[in-house]
């Protein structure tokens, strides 16, 4: 058997690995039943679904002809990592609005077709939507601005 689509095969292996890890970690929690779910119920089923999807995706790596795995997108990986790490720090230090705005603009810059006007519009929309969902809807105690 020969792997003909590297991206499908390794993508499937990644799904299998994450699913197996979820199942392994969930074993430390009570499973429960469908009627009375324990804390291990949901992660176990998500892990099982990930493993099944991973097997299906990896199997296509043996039958479909892929394009091959190209260069690593270093710029995107670095900018996305910085954006998420910054958000984790900034949410408490500069406030929700500025943290989301900077995270979205940094993450947008990771794309190949970065347009700063579109990034600003998306950032504003995500600030409003996130504020409505997390601060108003779920009543999470995030400070909106650094002076508050």
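In the numbering used here, the protein residues as written are 416 to 563. For every residue, glycine included, the Cβ atom is placed at its ideal position computed from N, Cα and C.
- Contact check for residue 537 against residue 519 passes: the beta carbons are separated by less than 8 angstroms.
- Rounded to whole angstroms, the Cβ separation of residue 424 and residue 431 is 11 angstroms, and the two are not in contact under 8 angstroms.
- For the pair residue 438 and residue 467, the CB atoms are not nearer than the 8 angstroms cut-off.
- Using a 10 angstroms sphere on the CB of residue 493, the tally of other CB atoms stays under 16, which defines it as exposed.
- For residue 478, the enclosing alpha helix (DSSP H) stretches over residues 456 to 478.
- Shown here, residue 447 sits in a strand according to DSSP, grouped into three states.
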